Each structure stands twice: as structure tokens, then as C-alpha cells.
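Undergrad: Protein chains in written order, with this note's numbering: chain A, 1246 to 1659; chain B, 1246 to 1659.
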DNA sequence: TTAGTTTGTTGGATCAACAGACAAAGTCCG
DNA sequence: CGGACTTTGTCTGTTGATCCAACAAACTAA
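1) Considering only residues of the same chain and omitting the five flanking positions on each side of residue 1517 of chain B, which have a CB-CB separation below 8 Å?
2) Since residue 1500 of chain B and residue 1591 of chain A should fall inside the 8 Å C-beta cutoff, what is the C-beta to C-beta distance between them, to a whole number of angstroms?
3) Find out if the Cβ-Cβ distance for the pair residue 1265 of chain B, residue 1289 of chain A is shorter than 7 Å.
4) Below 9 Å between beta carbons is the criterion; list the residues of the segment 1499-1517 of chain A that meet it against any residue of chain B, in chain order.
5) Between residue 1583 of chain A and chain B, is any beta-carbon pair separated by less than 7 Å?
6) Got a sec: is the Cβ-Cβ distance from residue 1250 of chain A to anything in chain B below 7 Å?
7) Assign residue 1333 of chain A to one of two classes, buried (16 or more other C-beta atoms within 10 Å of its C-beta) or exposed (fewer than that).
8) Mapping the DSSP letters down to three states, classify residue 1339 of chain A as helix, strand or coil.
9) Would you say residue 1591 of chain B lies against chain A (beta-carbon separation less than 7 Å)?
10) Mind checking residue 1544 of chain B: buried by the 16 CB within 10 Å criterion, or exposed?
11) Strictly by DSSP, which residues pair up with residue 1513 of chain B?
12) Step through the CB atoms of chain A and report whether any lies within less than 7 Å of the CB of residue 1651 of chain B.
13) Going straight from the alpha carbon of residue 1565 of chain A to that of residue 1578 of chain B, what length do you get?
14) Helix, strand or coil for residue 1274 of chain A? Go by DSSP, reduced to three states.
15) If you measure from the beta carbon of residue 1267 of chain A to each beta carbon in chain B, is any gap under 7 Å?
16) Going along chain B, which residues have a C-beta under 7 Å from residue 1259 of chain A?
17) So that I know if they touch, is there some Cβ in chain B lying closer than 7 Å to that of residue 1254 of chain A?
18) Taking only beta-carbon positions, decide if residue 1278 of chain A is within less than 7 Å of chain B.
19) What did DSSP end up calling residue 1506 of chain B once you bin it into helix, strand or coil?
20) With respect to the beta strand (DSSP E) encompassing residue 1450 of chain B, which residues constitute its N-terminal and C-terminal limits?
21) At a Cβ cut of 8 Å, what residues of the segment 1609-1625 of chain A count as close to chain B, listed as they run along the chain?
22) Note down, in chain order, every chain A residue with its Cβ under 8 Å from the Cβ of residue 1586 of chain B.
23) Starting from the beta carbon of residue 1362 of chain A, find every residue of chain B whose beta carbon is closer than 7 Å, and list them in chain order.
24) Beta-carbon within less than 6 Å of residue 1653 of chain B's beta-carbon, same chain only, minus the 5 sequence neighbours each way: which residues are those?
25) The alpha helix (DSSP H) with residue 1616 of chain A in it runs from where to where?
26) Closer than 7 Å, CB to CB, is residue 1460 of chain B near chain A or not?
27) Could you have a look at residue 1543 of chain B and say whether DSSP puts it in helix, strand or coil?
28) If we define contact as Cβ-Cβ less than 7 Å, is residue 1645 of chain A a contact residue for chain B?
29) Please identify, using Cβ separations under 8 Å, the residues of the segment 1570-1582 of chain A that lie next to chain B, in order along the chain.
30) Would you kindly work out how many angstroms separate the C-alpha atoms of residue 1380 of chain B and residue 1423 of chain B, rounded to a whole number?
31) Could you check what DSSP says for residue 1387 of chain B in three-state terms: helix, strand or coil?
32) Return the first residue and the last residue of the alpha helix (DSSP H) that residue 1298 of chain B is part of.
33) Nearest-angstrom Cα distance between residue 1610 of chain A and residue 1479 of chain A?
34) I want to verify the contact list: residues of chain B whose CB lies under 7 Å from the CB of residue 1427 of chain A, in sequence order.
35) Between residue 1686 of chain B and residue 1631 of chain B, what straight-line distance do the alpha-carbon atoms span, to the nearest angstrom?
36) What residues from chain B crowd round residue 1497 of chain A, counting only those whose CB sits closer than 8 Å?
Shown next as C-alpha cells:
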């Protein structure tokens, strides 16, 4: 399974010998990634390819630095032991970079998903403005690219995560309300700052990339339909369905935070009333759980610390806190039920502050969903907490680059 | 583009010469379907395949009865005129059959989408019960299969449309509230009644199939992300995204009628309160627009006739009717905005009674969507009326069978 | 030590696409 | 009217990837 982003409908295209080979290289590489080290004979058996063909494919993948020979396989009792073939992470890296309201972040992952380099810098983006912010981000990316080169790996690409509407075809940023940015060609700006680099550089929605990261963690369990909900000041979301990220016609899909679910809700930052995030966003929780002058409401403090304060009160059994959490959990379930009715995901993944407060949100959430979903038993939807935290988007960005390699191993030079 | 139903994530699988050939046969066949009759040379140019290869592929497709040679191509001024190659509809047929609350229906479509046979029979399904209903349906299907055989075409398969939850993997019916049916293996029951036929027989959700039919009409305009909303007593829905039908983990996706959007809404047939269909279903419209004893509320009359009555009043400018339509249109837009925020479709297709009353529903619907969708201009979502009427589901069922042929032309015997 | 089992490679067969040459069938122009 | 030019579709030979069958290598079990 590729962590395919499904940007365009998969109209299969005319194929020749080269694409046949490319396809089978991809099949073998992903087979080893998903099922672990194994002998050539076993790969042949499991994929249906001929033994001779697998030998040839593995040889090419080894030459490209994507696979390597491991130990002898001692698991089968009889006969000549096989040579294990395993993923060689060190050959290639993908880079993810993120612009968010109060920080910039980068990560470089190798093919096996191991962190090669990472950095996170607190920055007041709204105050700095686009120009200076992108200057700073370009420095971080350049530093990461250099780190990848030093490590000896090839760079598969760089993906920028932005909290806003990114147009699907062009990758143009249309609107980023939380940054206070309007229309802006982030990709072009960054390419200019990076000296028109040769590697592919793409821009994507932050929540979509976080969703891909969550999917990458869960696909081992052959789970290919999920919804990610990230709780922050706003509420972000992303959908994977049938193993593909749901993008929609223009790439704006997954904007769950502004579903109109609460007609009597408060005013939303977007100018409307009744958006889901007005009842499940962090602001709504704090409003319900605390007084005006409570220190955990202080936006100048670190979000993690403020959340820790809430957790402490919940653990201590503070009635007001628990009631607020119950309330948010129920509203989470009302919106969640809408999502489950439409999308029938196998898992609802909680990220951001929803994950931190999961122990108190899950019970009312699950109950609200079961009560409101037509399919029996909530359509079999599991509630899962993501432990990726704030690194989700950058990891997803790096992984989308690596996925290009898994989809077409020939893009790696010998 | 295949009208692929995306039942399982598209993990590409090991390929050999045979699958290479199969793929290219499919590419040529779909190219002619989507872009119309053209010469071999032009197909080669447009697909990137070699001229010689296209000749060979076309020859095989002609032999299988899927393409045929047409007139000489007089469009290009210079040089030797080409021989046009066009779709040969007559070779293969797909069959769709539908069980619904008050009728059974069948249709047979040839490869070009032309109707070879169709029939619709009024039946009170809830009263008859599953056994007798399936007996009657089997008779209709057998009659249709015979008609296909008489017409000289090969039968690609039969798809049954059911208004209920159909499990994705097995095709088992889990629940059909409107029929009053519970868990039932419709496919097995029908296979037994049809004498264990050799052709593939599948079961699918009625709204999903209607959605595929709508997609088949719109994909010419390279529109690959849409939501269909069918208004009846209940509200059905289906989603195509990235050219694939959205099914979800268990195949229950698209149940938009029971999204909890109206906290203060009426009780729904499903036992909950506030489901979308309680404010946009036909019952809601009639409740708002008419008195208790109004003849258009009489469920014993034909739905089309009752709708004609509403249309007449709206055209005459009846204030109460217009106000009710305005109200339903706005509620349609509130739920529609949820769908557009999540799915970002390029089109919202109105089917069933929504299409009939489209002229009065569209304005408030469009306004409500624009007001509530985060993406500028409603994410560029068009409102489209479907003119397929009650034939949508059976057409989609037939087309899903034909699509198997477009995806793999070698399943047709020579 | 021998029989039996499994692995991975080798050489030849097969199959499908490709490249280039070429005849066929038309237009354009002097 | 005839030659130059253009385009189509077929034909022949080449290339390249997979498959098949045979086989040597490496190990276990008796």
C-alpha cells in the first residue's frame, strides 16, 4: 500500500516495459517495508512473482541503496537457509517543514522512517509577516538539506505544511486565517529563497499531512479508512479513504472545523456562527472549564503547560473541569457522528489537545457517536489516540516525499 | 477514467506481460469511449503508445466485439485519411436491478450506455416480505438476461440495488429500514433463485449506485469529485472523490440522511431526533407546505403526481408553498455546507424530488452554502440537477458491470 | 554419508511494446 | 497531369522484462 496522496484520479495510463519494471520494483520494495525482512524465495512466493524476477528486482533495489542483504534466515528448519533482504533506510531521505502560528519546524526522515534531523523554533509568525517568516523557514530547510547530504542520503524532496487552504493543482496558498496570510505562492517564494533547487518542493495543508502521518502509523494494521481530528485553538481534520487522502475538487477537503453544527453556538474566528470549533476548540473548553482570569487561559504561556494544568485538575476530580470535558466530548461526538455517517471510517484518530485529554473525552465521544450513527455499532469505528503530537504534520510531509520513492524506486540515482 | 468503485485500496500488484497487455487494452478502449471515434494514428499520438501497438490492441478489441471500424476520417486535410475506430456497443451488456419500497426495476445497458431492455413493476415490498419479493425480482432479472442473450450480447454481470446498509466485503445486507428487512444475504438468495448463474452477481447500496450513474454522466467534463443527494421520503446520498466511489471501512459511507444537524428537529424514522432528513425529506416539505388533509399528502397516490401538485402551486406563486421550499432549500444548504466543507466536491448533484423542485430549492441552497463554507466561493462547487430520475440506481448497477469490461476487456470471450 | 529440502542463479523461451522502413492513399501546386 | 509532400497503418526486426526448468549450493535428518 502506498501512502498515496491521490492528487489526481488514477486514470491508468499506457504502459510499456519500463513501467512494468517500475511497478514490480515498487511492489517488492513496499512488500519488504510492510511485512519486514524476508528471503527472496519468500518474496516470490508472497507476491506471485517468479523467483528469478525477484532476484533481478532485489539486485536493482540493492544497487539503488534501497534494500540490503541481512543475516541468514534461520526460521525455516529444512533446506538451505535464505538470505534475508531488508529495507536500507540510509539511502534516501524526505524532508517536512511546517509553518504554524507560533513555531517553525523541520524534520528529515530516512526511508525506514527514522529521524535524521529535526528542529523546532518558536516564532510569532503573524507578527513577523510572510517575508521574514519564509526567510527563516528557508534557513531551517537549507540546514536540514545539508544535514541529509552529510548523512550520505539522497534527498527525495521537501514538503511544506501550512495551516490554510492550499489549492490542489498549483499548491498555491489561498488563505491562512490563523497566520493572517492571504493569497501567496509559498512554493515559488521558497524556491527562490532556496536557489531554485533541483529536488521537488511541494506545499500542502497541515492537517492533511498530519493525517498521512497518522495513516502511516496505522496502515500496518491494514486500516485504510480513517479520520484525523486535531484539536488546537481551531480544529483541523483530514480524511483517508480507501488508502487515499481525500482532497476534493480543489484540494480544500477536510475542513471539518467549520462545519455548521451548533446553530446556537458562539461566533467563530471565521466570521460565522455555530462552527464546530466554537464548541470543541481549545477556547471553548477553557471558556467552560475556567474563569476569565485563570492562568491556564493565558495565551502567552506555552500550550503544553496550560494543558498540563487541565489534566491535573481532571485527575484531581475537579467537578467543573470534568463537566466541561464531558460537554466537549459530547460535542466532539455530535460532529464525529456526522463524519462517521458520511465517511464510515474504521478509526477516528484524536490528535493535538484531543489526544492529551483523550482519557476524559473518549467516553462521552463514543457514546454520542453510537447514539447518532445509523450503521450498527457506530459502523465499527474505533477511537484511537495519536501520539505524534506536534510533529505529525512535518512527519507527514517527509513521508509524502518518501512515498514517491516507494511508488517509483527508479527516481533514486544509482 | 474508470468508473471504479474502489472497493479495496488500490495496492498495485505484481504485474507481468499479460497485465501489461490488459492495461493497454483498457487504456485504448476507455480512450475511445471518453473522447469519441478516432483513427489509430490519433489514438497512438494521444495515448503515447506506439502506432504498431495501437493497431495490435485495436485488432484484439475488434475481435472481442468491443470496437469496430467506422467511416474514413475526413477531418484532417492533408495526407491519407485514417479509418475511424468507434465503440461497438452491441457486444456486451450489463444489468442493474433494484428493490425499492414500492417498486422493482431492471435495466440492461449495452457498452455504449444504450438501453437494451428495461422494466419497472409497482410492488408493495414491505407487505410481500423478502421471500416473495426476491422471487419476483429473480423473474425480472431472468427475463432481462434472456433479452440480452436474444440481442446477441454477452452478459458482463448483474448488480442488485438495495435501499439499505450493504457490507462492503461480503455484499451482505445488514439493515434496510424502509423495506422492514433485517440481516439477509440477498446475493445468495438471488443466486439460488437464478440457478447459480455463471455471471458475477453483486449487491450494492441504492444511493451509491445512483451516484455512480450520475458520475458516469458528468465525467466527460472531467469532473471527478461530486456528491449526490437524492430526495425521497428519506434522503440518500453518495460521494465520488478522485474518481472513486467513497465506501469507507465497511461500505456504509454516504449515509447523509441521518447526519445530526437539527438539534430541535422532529423525530426521525430511525428513532433519533434531528436527522437531516427530518428537515429536508419529502415528509418535512409536505408538513410545512400543506395541511393534514391535503390530497398531495396522500401516500396511496403516486409520488410523481403528488410532486406535480407541488410544482403547480409553486408556479402559481402560492405563498405557503414557496415559503416551505425556501425553508427546505436553506436546510439543504446547511447540510450541504457540511458536506462541502468535508469533501470539497466540484458538484452537488440533486436527484429524486430535489431535482424536480430544483428551480425553487437552488437559490436558497446556494446562498446557504456560500455563507457557511470556509473555502472562498463555496469551494467552487456547482449545483447540478440530475435528470436520471428513478432510473439512476439501476443504471449505476448496469454501468458498474460494464466498467469491469472497460477495466479488463479480456473478460469478454472471443 | 546419504537422502531430502529449500534457496538463489543461469540460460533459454515467450511475449508485448518499440523503432524504423514502407506501401497506400490522399492533398497541393506547378 | 504528374511530382512533391503528408499522413496512415502494416510489417519486420530489436529490445526488454518476465517466466520456466534445470541445477548447484547449503542445510537438516536419519
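C-beta atoms are modelled at their ideal positions from N, C-alpha and C, and glycine is treated no differently.
These numbers come from a predicted model, not from an experiment.
TA: The answer reads as follows:
1) The beta carbon of residue 1517 of chain B sits closer than 8 Å to those of 1503, 1505, all from its chain and outside the five residues before and after it, given in chain order.
2) The Cβ separation is near 15 Å, so there is no contact.
3) no
4) 1499, 1500, 1501, 1502, 1503, 1504, 1505, 1506, 1507, 1508, 1509, 1515, 1517
5) Closer than 7 Å: yes.
6) At residue 1250 of chain A, the pLDDT of 43 sits below 50, so the modelled position is not reliable; the number obtained from the coordinates is stated separately. At least 7 Å separates the CB of residue 1250 of chain A from every CB of chain B.
7) buried
8) strand
9) yes
10) exposed
11) DSSP, once it has assigned bridges, lists no residue as partnering residue 1513 of chain B.
12) no
13) 36 Å
14) DSSP, read as helix, strand or coil, puts residue 1274 of chain A in helix.
15) no
16) 1269, 1272, 1292, 1293, 1294
17) Any answer about residue 1254 of chain A is weak, because its pLDDT of 42 lies below 50 and its placement is not dependable; what the coordinates show is given next. Closer than 7 Å to some Cβ of chain B, the Cβ of residue 1254 of chain A qualifies, so yes.
18) no
19) Residue state for residue 1506 of chain B is assigned as coil, using DSSP reduced to three classes.
20) 1446-1450
21) Using a CB distance below 8 Å, the part of the segment 1609-1625 of chain A facing chain B consists of 1616, 1617, 1618, 1619, 1620, 1621, 1624, 1625, ordered along the chain.
22) 1500, 1501, 1503, 1504
23) The premise fails here: residue 1362 of chain A is roughly 31 Å from chain B at the closest Cβ pair, so nothing lies under 7 Å.
24) 1267
25) Start and end: 1603-1617.
26) Not one beta carbon of chain A lies nearer than 7 Å to the beta carbon of residue 1460 of chain B.
27) coil
28) no
29) Within the segment 1570-1582 of chain A, the qualifying residues are 1579, 1582.
30) 19 Å
31) helix
32) From DSSP, the alpha helix (DSSP H) with residue 1298 of chain B extends over 1296-1308.
33) 18 Å
34) Those within 7 Å of residue 1427 of chain A in chain B number zero; the least Cβ separation is about 11 Å.
35) Residue 1686 of chain B lies beyond the stretch modelled for chain B, which goes from 1246 to 1659, so this question has no answer here.
36) 1589, 1619, 1620, 1624, listed in chain order.
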